[in-house]
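K.L.:
There are 2 protein chains.
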Amino acid sequence: MGANPQAMVFEPIRTRRAFEEICDRIRGQLENGALKPGDKLPPERELARQLGVGRSALREALRSLEIAGIVRLQKGVKGGAFIREGDPSGMAQVVQDQLHLGSITVEELTEARVHLLDLVVRLACERATKSDLEALRKNIERTAEMTRANRYLERVECSREFYALLGAATHNQVLALLVEAVTEILMKFVRLRVAAGGKPQPRLVEKRTRIVELLKARDADRTAHAMRAHLQSVHGLLQEGLRLKQGSSQKA
Amino acid sequence: MGANPQAMVFEPIRTRRAFEEICDRIRGQLENGALKPGDKLPPERELARQLGVGRSALREALRSLEIAGIVRLQKGVKGGAFIREGDPSGMAQVVQDQLHLGSITVEELTEARVHLLDLVVRLACERATKSDLEALRKNIERTAEMTRANRYLERVECSREFYALLGAATHNQVLALLVEAVTEILMKFVRLRVAAGGKPQPRLVEKRTRIVELLKARDADRTAHAMRAHLQSVHGLLQEGLRLKQGSSQKA
DNA sequence: CCACTATAATTGGTCTGACCATTAATTGCA
DNA sequence: TGCAATTAATGGTCAGACCAATTATAGTGG
Numbered sequence: 001m002g003a004n005p006q007a008m009v010f011e012p013i014r015t016r017r018a019f020e021e022i023c024d025r026i027r028g029q030l031e032n033g034a035l036k037p038g039d040k041l042p043p044e045r046e047l048a049r050q051l052g053v054g055r056s057a058l059r060e061a062l063r064s065l066e067i068a069g070i071v072r073l074q075k076g077v078k079g080g081a082f083i084r085e086g087d088p089s090g091m092a093q094v095v096q097d098q099l100h101l102g103s104i105t106v107e108e109l110t111e112a113r114v115h116l117l118d119l120v121v122r123l124a125c126e127r128a129t130k131s132d133l134e135a136l137r138k139n140i141e142r143t144a145e146m147t148r149a150n151r152y153l154e155r156v157e158c159s160r161e162f163y164a165l166l167g168a169a170t171h172n173q174v175l176a177l178l179v180e181a182v183t184e185i186l187m188k189f190v191r192l193r194v195a196a197g198g199k200p201q202p203r204l205v206e207k208r209t210r211i212v213e214l215l216k217a218r219d220a221d222r223t224a225h226a227m228r229a230h231l232q233s234v235h236g237l238l239q240e241g242l243r244l245k246q247g248s249s250q251k252a
Numbered sequence: 253m254g255a256n257p258q259a260m261v262f263e264p265i266r267t268r269r270a271f272e273e274i275c276d277r278i279r280g281q282l283e284n285g286a287l288k289p290g291d292k293l294p295p296e297r298e299l300a301r302q303l304g305v306g307r308s309a310l311r312e313a314l315r316s317l318e319i320a321g322i323v324r325l326q327k328g329v330k331g332g333a334f335i336r337e338g339d340p341s342g343m344a345q346v347v348q349d350q351l352h353l354g355s356i357t358v359e360e361l362t363e364a365r366v367h368l369l370d371l372v373v374r375l376a377c378e379r380a381t382k383s384d385l386e387a388l389r390k391n392i393e394r395t396a397e398m399t400r401a402n403r404y405l406e407r408v409e410c411s412r413e414f415y416a417l418l419g420a421a422t423h424n425q426v427l428a429l430l431v432e433a434v435t436e437i438l439m440k441f442v443r444l445r446v447a448a449g450g451k452p453q454p455r456l457v458e459k460r461t462r463i464v465e466l467l468k469a470r471d472a473d474r475t476a477h478a479m480r481a482h483l484q485s486v487h488g489l490l491q492e493g494l495r496l497k498q499g500s501s502q503k504a
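Residue numbers (our numbering), protein chains in the order written: chain Z, 1 to 252; chain L, 253 to 504.
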């Protein structure tokens, strides 16, 4: 065999499963515009009949699309499968899963975050609008309130939002998305630390205030420098906590 | 209302669905190390019995985990649900879905790619090993062969691999992953262009060769500059093609 | 003894039909 | 009118059956 000089790649023919075919059709209708965010798919029983498949196959397809962030399933009359607006938050789960599969490490994650945010603040220096800066200012204000009230878990939420706002200030939703994904995972570690009674990071509000001021002054180099210093101190705090946990279950 | 000063956030209690509970349990076993890549879950019927749920609920859970890239399902005796090694390629699908949902645009994607690769090549300049550079050299060699043989689809595959190798040369799997995700989507557009008979990009091999040479010389600034110029010319070619397609279905 | 083929056993994939749970509209009663 | 009970629509789950793919095993012929 193999006499044919053509590219005999022969993809392993994974027998096409029904739910995959269904997913592809719905994705196709998204690509060609037949389906748009807000649209509602027919009820499961009806759609299954139209597609000539059983309800179980259709449900696995809908479940897949739900996990992928494409549809939102809602129960009750007037419920159904609705095409979602863009909500890229699902990516954080994907990255986080890979973290637990050992494919990536926390060190790689924090390093990627440092570099990403270096890039992001430089772009934000060029593009941040007044409303972007105002949102950041309000966020820091709320962070200060939470700090004074010792509401540390809510302060973590403020932190997550702070980085999301920075991402938004680049006016590039892809970069914003990437920043949110890596931030979300780090925040999970921070929450663990807070729940365990770890000391909150000192001078957080002051450091963020300075970063936003530099941002407002459009001073990219100094902003990036301040951000990098801040992230590395965060990294240091987390490393402390991680060393403790890893000591107990470390083996190979 | 709101008399309670406590944080009355009251998350909307989405009635916990069975498959979600199952997913969380399996994810939990991943986190605490009870499950590791390569492990096999019990057969569906058996696992459903153990968990006290029906087979359909369990299957929706397994389907979700499969879409998330956590397990791989295999038929036949000796088949089953296997915990996957880290395979972060699923992220590309997530990003691509968001693209079709209109959440992000091709412009944002290409811009993010330019900035990401700027960062990546600078890191790669510091960290690329001999074997990284050797892999890049071999990749370019193969790209040249495909170019001479007019095997353009395979040349696209070489391109995808080229950027994956660049990502790998950073020795940070998170950054590598992000690069692969955005690259994979752009490649889809390139493949469309190739299939439509678009002219292949000229001097591709020469440009990549120069980039790798600069990389080998550890000249971060020049490498980044060459990369940026290259990516922007790619962007220009794609923009041509996109303008044609958008003209036909543009409305609002 | 070896190589090939037919059979069986295991396991995921799908179908059918039923019932449960939630939601919103409708009806009925005060 | 206003509120409570009923009803209808729809996703969520269960149960059991059968289909399809894959591997092990037995059988068969050389």
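Ideal Cβ positions, reconstructed from N, Cα and C, are used throughout, including at glycine.
Please read these numbers as outputs of a predicted model, since none were measured by experiment.
Report the rounded CA-to-CA distance for P200 (chain Z) versus L165 (chain Z), giving the unit in angstroms.
P.N.:
Stepping through the first sequence from its first residue, residue 200 (chain Z) is reached at position 200. Stepping through the first sequence from its first residue, residue 165 (chain Z) is reached at position 165. About 22 Å.
K.L.:
DSSP state of R455 (chain L), grouped into three classes?
P.N.:
If you number the second sequence from 1, residue 455 (chain L) lands on position 203. Three-state result, R455 (chain L): coil.
K.L.:
Name the DSSP bridge partner or partners of F82 (chain Z)?
P.N.:
Translated into the one-based positions of the first sequence, residue 82 (chain Z) becomes position 82. Beta-bridge pairing links F82 (chain Z) to Z:K40 and Z:R72.
K.L.:
Run through DSSP, which three-state label would G488 (chain L) get?
P.N.:
For the purposes of this step, residue 488 (chain L) is taken as residue 236 along the second sequence, with counting starting at 1. Helix, per DSSP.
K.L.:
Reducing DSSP to helix, strand and coil, say where D471 (chain L) ends up.
P.N.:
What you label residue 471 (chain L) is simply residue 219 of the second sequence in a count that begins at 1. If DSSP states are grouped into helix, strand and coil, D471 (chain L) belongs with coil.
K.L.:
What does the alpha-carbon distance come out to for the pair V408 (chain L) and S485 (chain L)?
P.N.:
Translated into positions along the second sequence, residue 408 (chain L) becomes position 156. Translated into positions along the second sequence, residue 485 (chain L) becomes position 233. So the two alpha carbons sit approximately 16 Å from each other.
K.L.:
So which residues on chain Z does N424 (chain L) lean against when the C-beta distance must stay under 7 Å?
P.N.:
By one-based count along the second sequence, residue 424 (chain L) stands at place 172. What N424 (chain L) touches in chain Z: E108, E111 and A112.
K.L.:
Tell me whether the stretch 72-83 of chain Z and the stretch 385-394 of chain L touch, counting them as touching only if at least three CB pairs, one residue from each stretch, are closer than 8 Å.
P.N.:
Cβ pair count under 8 Å is below three, so no.
K.L.:
Output yes or no for whether 8 Å exceeds the beta carbon distance between I509 (chain L) and K382 (chain L).
P.N.:
Shown here, chain L extends from 253 to 504; a query on residue 509 (chain L) therefore has no answer.
K.L.:
For G488 (chain L), count the other beta carbons within 10 Å of its own beta carbon; 16 or more makes it buried, fewer makes it exposed. Which is it?
P.N.:
Walking along the second sequence from the start, residue 488 (chain L) turns up at place 236. Taking a 10 Å sphere around the C-beta of G488 (chain L), we find fewer than 16 other C-beta atoms and assign the residue as exposed.
K.L.:
Let's test the definition: count the other Cβ atoms within 10 Å of the Cβ of A476 (chain L) and tell me whether it reaches 16, buried, or not, exposed.
P.N.:
Within the second sequence, residue 476 (chain L) is the residue found at index 224, counting from 1. By the Cβ neighbour-count rule, A476 (chain L) is buried, with 16 or more other Cβ atoms within 10 Å of its own.
K.L.:
Check this for me: beta carbons of K372 (chain L) and V431 (chain L), under 8 Å apart or not?
P.N.:
By one-based count along the second sequence, residue 372 (chain L) stands at place 120. By one-based count along the second sequence, residue 431 (chain L) stands at place 179. Just to set this straight, residue 372 (chain L) is Val in the shown sequence, not Lys. Judged by beta-carbon spacing, V431 (chain L) lies within the 8 Å limit of V372 (chain L), meaning their Cβ atoms are closer than that value.
K.L.:
Check S131 (chain Z) in the structure and name its three-state DSSP category.
P.N.:
Locating residue 131 (chain Z) in the first sequence gives position 131, counting from the first residue. In this structure, S131 (chain Z) counts as helix in the three-state DSSP scheme.
K.L.:
Would you mind sorting P340 (chain L) into buried or exposed? The rule is 16 or more other CB atoms within 10 Å of its CB.
P.N.:
Here the question's residue 340 (chain L) lines up with position 88 in the second sequence. Classification for P340 (chain L): buried.
K.L.:
Pick helix, strand or coil for H230 (chain Z), following the three-state DSSP scheme.
P.N.:
Within the first sequence, the letter at position 230 stands for residue 230 (chain Z). H230 (chain Z) falls in the helix class under three-state DSSP.
K.L.:
With a CB to CB cut of under 8 Å and the five nearest residues on each side skipped, what residues in its chain are close to T143 (chain Z)?
P.N.:
For the purposes of this step, residue 143 (chain Z) is taken as the residue at position 143 of the first sequence. Taken in chain order, the residues that qualify are R155, C158, S159, F162, L204, V205 and R208.
K.L.:
Does the beta-carbon of N424 (chain L) have 16 or more other beta-carbons within 10 angstroms, so that it is buried, or is it exposed?
P.N.:
Here residue 424 (chain L) refers to the residue found at position 172 when the second sequence is read from its first residue. The residue is buried, with at least 16 neighbouring Cβ atoms inside 10 Å.
K.L.:
Hey, does I70 (chain Z) have any beta-carbon neighbour from chain L nearer than 8 Å?
P.N.:
Numbered from its first residue, the first sequence carries residue 70 (chain Z) at position 70. Chain L contact via Cβ: present.
K.L.:
In the DSSP assignment, find the alpha helix (DSSP H) that holds I278 (chain L) and state where it starts and stops.
P.N.:
Here the question's residue 278 (chain L) lines up with position 26 in the second sequence. Counting along the chain, the alpha helix (DSSP H) containing I278 (chain L) begins and ends at A270 to E283.
K.L.:
Just to confirm, is the Cβ distance from R317 (chain L) to L310 (chain L) under 8 Å?
P.N.:
Position 65 of the second sequence, counted from the start, is the residue given in the question as residue 317 (chain L). Position 58 of the second sequence, counted from the start, is the residue given in the question as residue 310 (chain L). Residue 317 (chain L) is actually Leu in this sequence, not Arg. Not closer than 8 Å, so no.
K.L.:
Going by other Cβ atoms of all chains shown within 10 Å of its Cβ, with 16 needed for buried, is L405 (chain L) buried or exposed?
P.N.:
Your numbering for residue 405 (chain L) matches position 153 in the second sequence. With a threshold of 16 other beta carbon atoms within 10 Å, L405 (chain L) falls short and is exposed.
K.L.:
Just to confirm the assignment: which complete alpha helix (DSSP H) runs, minimum length 4, are found wholly within the stretch 139-191 of chain Z?
P.N.:
152-169
K.L.:
According to DSSP, simplified to helix, strand and coil, what is G354 (chain L)?
P.N.:
Here residue 354 (chain L) is taken as the residue at index 102 of the second sequence, counted from 1. Reduced to three states, the DSSP call for G354 (chain L) is coil.
K.L.:
Short of 6 Å in beta carbon distance, which residues of its chain neighbour A281 (chain L), apart from the five on each side in sequence? Order them along the chain.
P.N.:
One-based indexing of the second sequence puts residue 281 (chain L) at position 29. First, the amino acid is wrong: residue 281 (chain L) is Gln here, not Ala. Excluding residues within five positions, the ones whose Cβ falls inside 6 Å are L287.
K.L.:
Chain L beta carbons: is any one of them nearer than 8 Å to that of R142 (chain Z)?
P.N.:
Working through the first sequence from its first residue, we reach residue 142 (chain Z) at position 142. So no, R142 (chain Z) is outside the interface.
K.L.:
Spell out a yes or no on whether the stretch 343-359 of chain L and the stretch 90-98 of chain Z are touching, meaning 3 or more CB-CB pairs, one atom from each, closer than 8 Å.
P.N.:
Yes, the stretch 343-359 of chain L is in contact with the stretch 90-98 of chain Z.
K.L.:
Please state the DSSP three-state secondary structure of T362 (chain L).
P.N.:
As a working mapping, residue 362 (chain L) is identified with position 110 in the second sequence. Under the three-state reduction of DSSP, T362 (chain L) is assigned to helix.
K.L.:
Apart from the five residues on each side of it in sequence, which residues of its chain come closer than 7 Å, Cβ to Cβ, to G332 (chain L)?
P.N.:
Start at 1 with the first residue of the second sequence, and residue 332 (chain L) comes out as number 80. Shown here for G332 (chain L): same chain residues with a beta carbon closer than 7 Å to its own, the five before and five after excluded, namely K292, L293, P295 and Q326 in chain order.
K.L.:
Any C-beta of chain Z sitting closer than 8 Å to the C-beta of M398 (chain L)?
P.N.:
In the second sequence, the residue the question calls residue 398 (chain L) occupies position 146. Nearest CB-CB separation between M398 (chain L) and chain Z: not below the 8 Å threshold.
K.L.:
Return the chain-ordered list of same chain residues with a C-beta closer than 8 Å to the C-beta of L215 (chain Z), the five sequence neighbours on each side being excluded.
P.N.:
Mapped onto the first sequence, residue 215 (chain Z) falls at position 215. The answer, listed in chain order, is V121, A124, C125, A128, L133, L136, A169 and T223.
K.L.:
Less than 6 Å between C-beta atoms, sequence neighbours within five positions excluded: which residues of the same chain meet that for F189 (chain Z)?
P.N.:
The residue labelled residue 189 (chain Z) in the question sits at position 189 within the first sequence. Cβ within range, chain order: L238.
K.L.:
Indicate whether at least one CB of chain L lies closer than 8 Å to the CB of P202 (chain Z).
P.N.:
For the purposes of this step, residue 202 (chain Z) is identified with residue 202 of the first sequence, where counting begins at 1. Closer than 8 Å: no.
K.L.:
When DSSP labels each residue in this structure, what does G306 (chain L) get in the three-state scheme?
P.N.:
By 1-based counting over the second sequence, the position of residue 306 (chain L) is 54. In the structure shown, G306 (chain L) sits in coil (DSSP, three-state: anything other than H, G, I, E or B).
K.L.:
Look at the alpha carbon of E273 (chain L) and the alpha carbon of A472 (chain L), and state the distance between them as a whole number of angstroms.
P.N.:
Looking up residue 273 (chain L) in the second sequence gives position 21. Looking up residue 472 (chain L) in the second sequence gives position 220. In a straight line, the C-alpha of E273 (chain L) is about 48 Å away from that of A472 (chain L).
K.L.:
From L483 (chain L) to V366 (chain L), what does the alpha carbon distance come to, in whole angstroms?
P.N.:
Within the second sequence, residue 483 (chain L) is the residue found at index 231, counting from 1. Within the second sequence, residue 366 (chain L) is the residue found at index 114, counting from 1. Rounded to whole angstroms, the gap between the alpha carbons of L483 (chain L) and V366 (chain L) is 6 Å.
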